[in-house]
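Visitor: Dropping the structure in here first, questions after.
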Amino acid sequence: MINITLPDSSIKSYPKAITALEVAKDISEGLARNVLAAKVDGRVIDATRLIASDASLQLLTWNDNEGKAAMWHSSAHLMAEAIEQLYSGVKFGIGPNIENGFYYDIDFTDYSISDKDFEKIENRMVELAKEKQTFIRKEVSKKEAEEYFIKKGDEYKLELINDLDNGEITFYETGTFTDLCRGPHIPNTGFIKAIKLTKIAGAYWRGDESRKQLTRIYGITFPKKKALTEYLEMLEEAKKRDHRLLGKELELFTFSQNVGQGLPLWLPKGAELRERLERYLKKVQKNAGYEPVITPHIGSVNLYKTSGHYEKYGSESFKPIKTPVEGEEFFLKPMNCPHHCEIYKFKPHSYKELPIRYAEFGTVYRYEQSGELHGLTRVRGFTQDDAHIFCTPDQIKDEFNGVINIIKEIFTALDFKDVMIQISLRDPQHPEKYIGSNENWERAETAIKEVAQERKLNATIEYGEAAFYGPKMDFIVRDAIGRKWQLGTIQVDYNLPERFNLTYIGADNDKHRPVMIHRAPFGSMERFVAVLIEHCGGNFPLWLTPEQVIILPISEKYQKYAKTVFNLLKNYDIRSEIDSRSEKTGRKIRDAEMKKIPYMLIVGEKEEKENTVSVRKHKEGNMGTFNIETFAKHIENEIEVHI
RNA sequence: GCCAGCAUAGCUCAGUUGGCCAGAGCAGCUGAUUUGUAAUCAGCCGGUCGGGGGUUCGAAUCCCUCUGCUGGCUCCA
């Protein structure tokens with residue numbers, strides 16, 4: 030008798046070994062049609078494999094991440110099969126599933142492949158999927174495995190096999206394609222109903238740039254055609270929200286070849302928006318006990334020798350600039366912390382002063398490889414909303430709480446509702462990789478974990494992801510169309526206080542080492558503004574948007590009244606403009622809608638007589654007629670706290 | 001940095017296998033129009049076809065090279 034325990038704790042008993050698929054059929058035919066894989070005693074396996082002893086079983090469908098993974102991994106095999114049939118003799122690297130789909134790294138030998146070949150490959154994949162080919166699992170010896178790929182002439186697979194032990198090697202066979210693979214796979218290719226190859230790119234074999242570059246083809250598949258349509262619509266939506274596009278359209282920022290790549294130029298409207306964000310954050314930080322400091326854009330090479338950054342990053346930075354006479358070397362500052370350490374050292378500190386919090390919107394310059402640059406999210410010159418907290422080890426927890434308060438407050442103000450947190454701790458296997466005493470690490474890691482727990486943060490813990498100088502907490506937001514962005518960060522640092530020999534005098538009249546905490550709620554203004562643009566699709570919150578109101582006089586006759594309205598709004602600190610072109614109202618409305626201006630005030634004869642405005646809201650349409658003061662107060666209310 | 005693709009007016013794009021002085025829409029300017037909830041009409045201005053070199057009788061179109069952009073790879077204090 031074999032007892033299968035299902036997730037709801039019910040137990041089903043069978044006289045002999047059974048597959049997950051058969052169990053599913055036993056429950057319902059409909060369920061069986063949707064089972065992609067199975068989780069047996071916590072391990073994901075093919076739904077078609079026999080379960081020979083008592084086990085817990087979870088049937089995995091498209092709704093489970095592991096189900097999707099099996100689907101996409103199987104799709105990679107399907108693509109490989111199609112490609113092998115179309116381009117005989119190609120060699121295969123690895124073909125895993127990824128967060129959104131799958132890819133396969135392929136050595137196309139003499140074929141030259143571009144995205145123009147996608148349709149052909151997709152069509153072949155569709156044909157093969159329709160054949161409902163099963164994924165046949167075979168356990169093979171290392172020798173058999175090697176012989177197969179020697180015969181096939183695929184050195185990549187041979188290299189992979191070389192790293193495996195005899196007895197743990199399996200092949201999966203689908204139609205004409207056999208692959209080295211540990212699985213699991215979906216029962217048959219018929220589950221794959223919609224296929225889209227999305228991207229093509231070069232990728233080094235095993236990520237090593239000294240080795241051969243293979244062609245990586247990305248794709249995604251779905252069990253329903255509708256799901257693909259929805260996915261493509263999401264991509265369309267993302268395209269429309271692309272901050273590079275909206276940045277141009279809304280005249281927020283630009284780049285110039287003459288200035289240099291990765292060096293953003295903020296246009297008046299973008300600069301205004303950014304300043305407003307900075308002003309807001311400064312206000313929040315002032316309330317939280319931060320003190321502003323200002324440091325220069327360059328720093329002596331010695332500063333970075335002290336900080337240790339010279340040794341670690343010196344060779345891959347912008348080269349130092351030199352004074353003409355003395356030949357003294359300066360780096361463009363790649364971060365603000367060394368400067369802030371020197372500010373801390375300006376005078377001795379007592380434990381009574383701590384924590385000290387130095388804040389600066391510090392512009393930094395980092396050499397990023399040219400291929401990495403991307404709009405405002407990846408640039409060579411950017412401004413961090415930086416601050417460094419110098420505190421005693423037992424203040425870490427309070428300080429984390431304080432920073433989290435700030436981050437939560439500003440994320441809420443900017444309408445990021447879905448915030449995830451990643452806590453990065455030491456790799457327990459390799460304590461030697463980290464600087465600082467074990468007690469200190471222990472204390473900081475415990476403090477961070479406690480904070481997360483007490484505040485019920487939506488946090489995951491990653492071991493081994495900490496920096497060598499301390500543990501950290503990263504903030505990841507999900508935007509309006511479901512994409513994740515890593516923004517803010519809080520990092521504990523035991524290294525710099527050591528290197529800069531920072532001290533404070535404790536209650537015991539002895540010198541002690543402070544702990545330093547780096548933190549940036551936005552990360553960088555550039556990246557944050559980019560994310561904000563994409564999050565709100567260019568429809569900024571009213572308090573941030575460059576132009577809040579546009580006044581549209583029906584004709585030149587009402588110019589004077591428009592001016593009256595303008596002045597009144599100005600008294601309320603509402604940013605407005607008058608569209609005084611001799612255009613029809615419909616045209617003015619259209620243009621204002623395109624510029625995403627939140628409020629349009631239409632004024633004509635009726636309004637002038639009654640001292641009112643006709644209000645039209647962006648994307649929503651006519652709101653009716655309001656007294657000017659009533660409207661102004663309403664707006665003032667909506668703008669509220671943030672200025 | 002590497003692989004692949006792309007680069008035509010301020011913006012979005014046309015430009016057949018190399019062949020008349022390189023086109024359109026939008027924006028801008030000028031004029032007419034004085035307008036009631038998503039585009040009034042007309043005229044004008046605007047391009048060394050990313051830069052440089054080459055092939056050719058002739059290059060936006062073909063080749064080389066540089067620069068930049070896009071998608072990946074690698075990296076990220």
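Residues 30 to 672 (this note's numbering) are what the first sequence spells out, left to right.
Glycine included, every Cβ here is placed at the ideal spot set by N, Cα and C.
(1) Between ARG153 and ALA111, what straight-line distance do the alpha-carbon atoms span, to the nearest angstrom?
(2) Name, in chain order, the residues that DSSP records as bridge partners for LYS41.
(3) Buried or exposed: GLU428, going by 16 or more other Cβ atoms within 10 Å of its Cβ?
(4) Should ALA46 go down as buried or exposed, given a rule of 16 or more other Cβ atoms within 10 Å for buried?
(5) Count the other CB atoms within 10 Å of the CB of PRO367; is the residue buried (16 or more) or exposed (fewer)?
(6) What beta strand (DSSP E) runs, 3 residues minimum, are completely inside the segment 404-456?
(7) Which residue comes first and which comes last in the beta strand (DSSP E) that contains THR352?
(8) Hey, out of LEU107, SER379 and ARG528, whose CA is closest to HIS338's CA?
(9) Can at least three beta-carbon pairs, one atom from the segment 519-528 and one from the segment 462-480, be found at a separation below 8 Å?
(10) Can you tell me the Cβ-Cβ gap for LEU383 and PHE419, rounded? I've got them flagged as a contact below 8 Å.
(11) Return helix, strand or coil for VAL119, following the three-state DSSP convention.
(12) Tell me the rounded alpha-carbon separation between ASP271 and ILE562.
(13) Tell me HIS106's beta-bridge partners as DSSP assigns them.
(14) Roughly how many angstroms lie between the CA atoms of GLU358 and ASN469, to the nearest whole one?
(15) Would you report the Cα separation of ALA84 and ILE198, rounded to the nearest angstrom?
(16) If you draw a straight line from the alpha carbon of LYS673 to that of VAL642, how long is it in whole angstroms?
(17) Ends of the beta strand (DSSP E) at GLN520?
(18) In angstroms, rounded to a whole number, what distance separates the CA positions of TYR533 and HIS547?
(19) Have a look at VAL119, GLU128, LYS613 and MET364 and flag the residue whose alpha-carbon is nearest the alpha-carbon of PHE137.
(20) Using 8 Å as the Cβ pair cut-off and three pairs as the minimum, do the segment 195-211 and the segment 231-246 touch?
(21) Excluding the 5 residues flanking LEU673 on each side, which residues of the same chain have their C-beta closer than 8 Å to its C-beta?
(22) Looking at the secondary structure, which residues open and close the alpha helix (DSSP H) in which LYS662 lies?
(23) What is the DSSP secondary structure of TRP101, reduced to helix, strand or coil?
(24) Could you give the DSSP three-state label for PRO216: helix, strand or coil?
(25) Relative to the C-alpha of PHE200, which residue among GLU173, LEU332, ALA267 and VAL52 is closest?
(26) Specify whether the segment 219-229 and the segment 184-193 touch according to this definition: at least 3 beta carbon pairs, one from each stretch, less than 8 Å apart.
(27) What residues match up with ILE607 in a beta bridge as DSSP calls it?
(28) For ASN365, does the count of other Cβ atoms within 10 angstroms reach 16, so buried, or fall short, so exposed?
(29) Any contact of the segment 338-356 with the segment 506-518, i.e. 3+ C-beta pairs under 8 Å?
(30) Just tell me which of LYS617, LYS624 and PHE655 has its CA closest to the CA of LYS635.
(31) With DSSP collapsed to three states, give me the class of HIS326.
(32) Rounded to a whole number of angstroms, what is the C-alpha to C-alpha distance between LYS540 and LYS426?
(33) Is ALA76 near PRO216, with beta carbons less than 7 Å apart?
(34) Which residue wins for smallest C-alpha separation from GLU665, given the options LYS592, TRP572, TYR260 and GLY567?
(35) Should TYR492 go down as buried or exposed, given a rule of 16 or more other Cβ atoms within 10 Å for buried?
(36) Count the other CB atoms, across all protein chains shown, that sit within 10 Å of the CB of GLY12; report buried if there are 16 or more and exposed otherwise.
Guide: Judging by the given coordinates:
(1) Counting from 1 along the first sequence, the entry for residue 153 is found at position 124. Counting from 1 along the first sequence, the entry for residue 111 is found at position 82. Computed Cα separation, rounded: 6 Å.
(2) The residue you call residue 41 lines up with position 12 of the first sequence. For LYS41, which the question treats as bridged, DSSP gives the partners ILE33.
(3) Looking up residue 428 in the first sequence gives position 399. It counts as buried.
(4) Numbered from its first residue, the first sequence carries residue 46 at position 17. So ALA46 counts as exposed.
(5) On the first sequence, position 338 is the one that residue 367 refers to. By the neighbour-count rule (16 or more Cβ atoms within 10 Å), PRO367 is buried.
(6) 410-420 and 447-454
(7) Taking the first residue of the first sequence as 1, we reach residue 352 at position 323. No beta strand (DSSP E) contains THR352, which DSSP labels as neither H nor E.
(8) By 1-based counting over the first sequence, the position of residue 338 is 309. Cα-wise, what sits closest to HIS338 is ARG528.
(9) yes
(10) As a first step, residue 383 is located in the first sequence; it is residue number 354 there, counting from the start. As a first step, residue 419 is located in the first sequence; it is residue number 390 there, counting from the start. Confirmed, Cβ separation roughly 6 Å.
(11) Position 90 of the first sequence, counted from the start, is the residue given in the question as residue 119. Residue state, collapsed to three classes: coil.
(12) One-based indexing of the first sequence puts residue 271 at position 242. One-based indexing of the first sequence puts residue 562 at position 533. Each residue's Cα considered, the two are about 8 Å apart.
(13) Walking along the first sequence from the start, residue 106 turns up at place 77. None; HIS106 has no bridge partner.
(14) Start at 1 with the first residue of the first sequence, and residue 358 comes out as number 329. Start at 1 with the first residue of the first sequence, and residue 469 comes out as number 440. Going from the Cα of GLU358 to the Cα of ASN469 covers about 36 Å.
(15) As a working mapping, residue 84 is identified with position 55 in the first sequence. As a working mapping, residue 198 is identified with position 169 in the first sequence. Their Cα atoms are separated by approximately 24 Å.
(16) Since the first residue shown for the chain is 30 and the last is 672, residue 673 is missing from the structure and cannot be characterised.
(17) The sequence position of residue 520 within the first sequence is 491, counting from 1. Residues 513-522.
(18) Translated into the one-based positions of the first sequence, residue 533 becomes position 504. Translated into the one-based positions of the first sequence, residue 547 becomes position 518. Taking the straight line joining both Cα atoms gives about 18 Å.
(19) Taking the first residue of the first sequence as 1, we reach residue 137 at position 108. Minimum Cα distance to PHE137 is reached at VAL119.
(20) no
(21) Absent from the model: residue 673. The displayed extent of the chain is 30 to 672, so no value can be given.
(22) By one-based count along the first sequence, residue 662 stands at place 633. That run of the alpha helix (DSSP H) goes 657-668.
(23) Taking the first sequence and counting its residues from 1, one reaches residue 101 at position 72. DSSP places TRP101 in helix when its eight states are reduced to three.
(24) Here residue 216 corresponds to residue number 187 of the first sequence, with the count starting at 1. DSSP places PRO216 in coil when its eight states are reduced to three.
(25) Indexing the first sequence from 1 puts residue 200 at position 171. The candidate whose alpha carbon is nearest that of PHE200 is GLU173.
(26) no
(27) Working through the first sequence from its first residue, we reach residue 607 at position 578. ILE607 is bridged to ILE580.
(28) One-based indexing of the first sequence puts residue 365 at position 336. By the 10 Å Cβ count, ASN365 comes out buried.
(29) no
(30) Taking the first residue of the first sequence as 1, we reach residue 635 at position 606. Among LYS617, LYS624 and PHE655, the Cα nearest to that of LYS635 belongs to PHE655.
(31) Mapped onto the first sequence, residue 326 falls at position 297. The answer is coil: DSSP assigns HIS326 none of H, G, I, E or B.
(32) The count along the first sequence starts at 1 and reaches residue 540 at position 511. The count along the first sequence starts at 1 and reaches residue 426 at position 397. Taking the straight line from one Cα to the other gives about 22 Å.
(33) Taking the first residue of the first sequence as 1, we reach residue 76 at position 47. Taking the first residue of the first sequence as 1, we reach residue 216 at position 187. Yes. Within cutoff.
(34) Taking the first sequence and counting its residues from 1, one reaches residue 665 at position 636. Nearest C-alpha to GLU665: TRP572.
(35) Sequence index remark: in the first sequence, residue 492 carries index 463 (1-based). Its Cβ having fewer than 16 others within 10 Å, TYR492 is exposed.
(36) In the structure displayed, the chain extends from 30 to 672; residue 12 sits before or after that span and is not available.
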